Structures are given as structure tokens and as C-alpha cells.
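Novice:
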Amino acid sequence: MTARPPIVLDSDPGIDDAVALQYLLGTDLWDLKAYTSTGGNLPAEATYTNARALARALRIDAHVPVHRGAGRPLSRLPYREASAFHGPAGLGDETLPDSTAAHPTESSAQALLRLSREYEGELTVCATGPLTNVAVALLEDPHFAHRVRKFVFMGGAAQVPGNFTPVAEFNIWADPDAAEIVLSSGIPFTMVDLDASHRWLFRPDDLAALEAAGPGTALAARLMRTYMDAYTRHGGDGTCPLHDPLAVGVCGDEAFVEAADGAVVVECASELTRGQTVFVPTAARRVYYSESPALTARLQATGRVALGPGTRDFSADFVTTLPRWPAAT
6 MTARPPIVLD SDPGIDDAVA LQYLLGTDLW DLKAYTSTGG NLPAEATYTN
56 ARALARALRI DAHVPVHRGA GRPLSRLPYR EASAFHGPAG LGDETLPDST
106 AAHPTESSAQ ALLRLSREYE GELTVCATGP LTNVAVALLE DPHFAHRVRK
156 FVFMGGAAQV PGNFTPVAEF NIWADPDAAE IVLSSGIPFT MVDLDASHRW
206 LFRPDDLAAL EAAGPGTALA ARLMRTYMDA YTRHGGDGTC PLHDPLAVGV
256 CGDEAFVEAA DGAVVVECAS ELTRGQTVFV PTAARRVYYS ESPALTARLQ
306 ATGRVALGPG TRDFSADFVT TLPRWPAAT
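Count along the sequence shown starting at 1, add 5, and that's the number in the numbering used here.
#1: Using CA coordinates, which residue listed in G280, S121, V283 is at the minimum distance from K155?
#2: Any idea which residues DSSP pairs M233 with across the strands?
#3: Who are the near neighbours of G280 in its chain, counting only those whose CB is closer than 6 angstroms to its CB and skipping five residues on each side?
#4: In terms of residue numbering, what span does the alpha helix (DSSP H) encompassing D249 cover?
#5: Assess, as a yes-or-no matter, whether the segment 238-257 is touched by the segment 15-30 under the definition of 3 or more beta carbon pairs within less than 8 angstroms.
#6: Could you check the C-alpha separation between A218 and A60 for me, to the nearest Å?
#7: Can the beta-carbon of G308 be found closer than 8 angstroms to that of V285?
#8: Quick check on this structure: which residue in L312, A62, L277 has the alpha carbon closest to the alpha carbon of A201?
#9: May I ask you to report which of helix, strand or coil DSSP gives I12?
#10: Can you check whether the CB of T32 is closer than 8 angstroms to the CB of D15?
#11: Determine which residues share a DSSP beta bridge with C131 and list them.
#12: Taking DSSP as the reference, what is the three-state secondary structure of I186?
#13: Do you know whose CA, among L128, G92, G191, lies nearest A140's CA?
#14: Ordered along the chain, which non-local residues of its own chain (more than five positions away) have a Cβ less than 6 angstroms from that of V71?
#15: Could you compute how far the alpha carbon of G76 sits from the alpha carbon of P135?
#16: Extract the residue ranges of the beta strand (DSSP E) inside the segment 251-323, only unbroken runs of 3 or more that lie entirely within it.
#17: Please report how far the alpha carbon of C273 lies from the alpha carbon of E216, in whole angstroms.
#18: Excluding the 5 residues flanking N46 on each side, which residues of the same chain have their C-beta closer than 6 angstroms to its C-beta?
#19: Runs of 3 residues minimum, wholly inside the segment 57-138: which ones carry the beta strand (DSSP E) assignment?
#20: Which residue comes first and which comes last in the alpha helix (DSSP H) that contains T222?
#21: Output yes or no for whether 8 angstroms exceeds the beta carbon distance between M233 and L212.
#22: With a CB to CB cut of under 6 angstroms and the five nearest residues on each side skipped, what residues in its chain are close to T278?
#23: How long is the line joining the alpha carbons of S112 and V292, rounded to whole angstroms?
#24: Measure the CB-CB distance between V157 and T110 and report whether it falls below 8 angstroms.
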């Protein structure tokens, strides 16, 4: 039997982060080596608390360490949390008990560096929140970029409007300097952005399926109902996007998205366009920014960018996969 490849999930739970973890476990594709928390949907201490509680609820805290992330974004303040969508404590109306596992002494960035050395050329890193931890790891050791086999993150907007400002997606807006460090590092990235995640929706029929699947998906169903209600309050149509679970799905199968090669440059200087992700496709028929040697050099750091939904139905896969790893009741 072939060993499952190692993965780290770097997350800011958050409702869709919570179900992304359950989805990852349900796929049975991965050997989860660490669950690293980062600030984002809530400040770092709150997301660390939620990550520990989710590890307990999903019965992995005895063997998957949960690491505390950086205490604040690298440099770009003010920061604003996303409690309007995720609830004041980040997990809707849920109050989950803390794990009894010991608190690791390693930070999230330190854990990423250690695991990249232990599993050089094998490790996948999936980030579903701001990229602070990954940037800190790169600042400490730039060779981290070349030891990771694959880096998939949820964030950005290549060809569609943002969801936090007219041009910026929340994860990138929350720490644009970190995102630019990561995307200019040479790390082999795949950006799972709003172009794709807004096309894979969770619908009332999907909620009914989770509610009917038994007690193991009861927590996920309650979380997703809260998430759908939040989107409805903010002008939605009774559905909600599967942002973070989609990034996990793409780690295993890019057929969930339509992707193209290119560079992604993050706007860090302007408050008006803070966090905008400028996608420059490799296949462009013209040369962009030829008058700027610095930008020309920057565009050599390329990766994969999701531009829309793929041929495989992610919404269906998400709903059928969650029951395979039931949460504790």
C-alpha cells in the first residue's frame, strides 16, 4: 500500500476552514502532519483556540499537533476581522471544548520549516487564511520555497471583483505584504481564488444532505447553515461559496478548477487597491511592464491560477466526502 503524502493545513478557523479540515480528513488522501493556525477571520489567539477545538472535535488532536500562528500581520495595519460572516467566536454559534493535548512550543512557521526539511520534495502545504505564517517561514529560510513540493492557497481574485474591497479578496487584503513575499519567492503555488470558489456553491439541497447523513456531519451542517445565513444577510441568494474546502480539493485534483500559468503580483503600496492580485498570464500575446526591469524580473516567479470551475464537480464531492470522517458528537 502506497503511503499517503504529507500535508500541512495552515488555517484561520473560521467556518469554511472548519469544514475544510473535515473534508481533508474525509478524502483519506493525505497524512496530515500539522494543523497550523494563523490570524485572519479572527485574531491569532482566537483562531488558535478554534483550531485546537476542531482538532478535538474531529478526533485528531492525539496525533496531529496544532501550532499557534504569528500574532499579527507582517506590517499592514489596520486589520479587520471577518466575524460578520463567521460569528464573534469564529465558529458560528458553536462553543466547542478545548483539546487536552499539550501546547507545542514550535510556532506555525517553525513547524512549517521543520516539516519541509523532514519531507523535502514531498510536502504539500495548503493555506486557507492570510499567508503570514508562510511568509515568516520564508523570511527565516528562503530555501523553504524550494523544499515544498506543492503550495496551494485560497486567496486572491484574478479576473473578478474582490469580496472585501472592489479589487481585493479578504485573505490577501489582511496581509498583502506576506502574500507578496510568498508569491515572489519561487514557491510552486496554485492560487485558488474567487474566480473559482464563487462558482462552486453550497446549496440548500447540499445542506439537507448533510443534515440527513447522521450525527457525524451535524456540526458541519450547523456551521454551513450559519454560513449560508450570513451570505443571505449580505445580499446572497441562499447559497454560499466553498472557498477553503475547494483549496483542499485542488491539492488532490486540479480538475476541480480551470487553471492557467502565470505570475501574480500583490499590491502593497496603495490603500485604495491594497491586496489586489494582478495576474499576468504566461500565455499572454504581449510583453507587459517592459519599461520596468524590476517588474519584468518579478514576473519570472510563476505558478498556477484558477480562472473558473473545472470539469469535476466539487460541490458534489464535498457533500459526499464529509460523512467519511464523522465529527465527535
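Glycine included, each C-beta is placed from N, C-alpha and C at the ideal position.
In this text, all values refer to a predicted model and were calculated from it rather than measured experimentally.
Specialist: According to the structure data:
#1: Taking the first residue of the sequence shown as 1, we reach residue 155 at position 150. Checked all of G280, S121, V283; the closest Cα to K155 is S121.
#2: Mapped onto the sequence shown, residue 233 falls at position 228. Paired residue(s): none; M233 is not in a bridge.
#3: Walking along the sequence shown from the start, residue 280 turns up at place 275. Here the set comprises A173, I177, W178, P181.
#4: As a first step, residue 249 must be located in the sequence shown, where it is residue number 244. Element bounds for D249: 248-257.
#5: Taking a cut-off of 8 angstroms on C-beta distances, the segment 15-30 touches the segment 238-257, as three or more cross pairs fall below it.
#6: Indexing the sequence shown from 1 puts residue 218 at position 213. Indexing the sequence shown from 1 puts residue 60 at position 55. The straight-line gap from Cα to Cα measures roughly 21 angstroms.
#7: Here residue 308 refers to the residue found at position 303 of the sequence shown. Here residue 285 refers to the residue found at position 280 of the sequence shown. Cβ atoms of G308 and V285: not closer than 8 angstroms.
#8: Within the sequence shown, numbered from 1, the residue matching residue 201 stands at position 196. Comparing Cα-Cα distances from A201 to each of L312, A62, L277, the minimum goes to L312.
#9: To locate residue 12, count along the sequence shown from 1; it is residue 7. I12: strand per DSSP, three-state reduction.
#10: Along the sequence shown, read from residue 1 onward, the residue named residue 15 stands at position 10. Along the sequence shown, read from residue 1 onward, the residue named residue 32 stands at position 27. No.
#11: Translated into positions along the sequence shown, residue 131 becomes position 126. Partner(s): L14, V157.
#12: In the sequence shown, counting from the first residue as 1, residue 186 sits at position 181. I186 carries a helical assignment under DSSP once its states are collapsed to helix, strand and coil.
#13: Looking up residue 140 in the sequence shown gives position 135. The shortest Cα separation from A140 among L128, G92, G191 belongs to G191.
#14: In the sequence shown, the residue the question calls residue 71 occupies position 66. Excluding residues within five positions, the ones whose Cβ falls inside 6 angstroms are Y40, A56, R57, A60.
#15: Looking up residue 76 in the sequence shown gives position 71. Looking up residue 135 in the sequence shown gives position 130. C-alpha separation (whole angstroms): 12 angstroms.
#16: Listed in chain order, the complete beta strand (DSSP E) runs (minimum 3 residues) inside the segment 251-323 are 262-271, 282-286, 307-314.
#17: On the sequence shown, position 268 is the one that residue 273 refers to. On the sequence shown, position 211 is the one that residue 216 refers to. In a straight line, the C-alpha of C273 is about 43 angstroms away from that of E216.
#18: Counting from one through the sequence shown, the residue named residue 46 turns up at place 41. Within the same chain, and ignoring the five residues on either side of N46 in sequence, the residues whose Cβ sits closer than 6 angstroms to its Cβ are D17, G19, A87, H91, G95.
#19: Whole beta strand (DSSP E) segments, 3+ residues: 129-132.
#20: As a working note, residue 222 is residue 217 in the sequence shown. DSSP places T222 in no alpha helix (DSSP H); its state is neither H nor E.
#21: The residue labelled residue 233 in the question sits at position 228 within the sequence shown. The residue labelled residue 212 in the question sits at position 207 within the sequence shown. Taking 8 angstroms as the cut-off, the beta carbon of M233 is found closer than this to the beta carbon of L212.
#22: As a working mapping, residue 278 is identified with position 273 in the sequence shown. V172, E272.
#23: Counting from one through the sequence shown, the residue named residue 112 turns up at place 107. Counting from one through the sequence shown, the residue named residue 292 turns up at place 287. Taking the straight line joining both Cα atoms gives about 42 angstroms.
#24: Your numbering for residue 157 matches position 152 in the sequence shown. Your numbering for residue 110 matches position 105 in the sequence shown. Contact flag unset, no.
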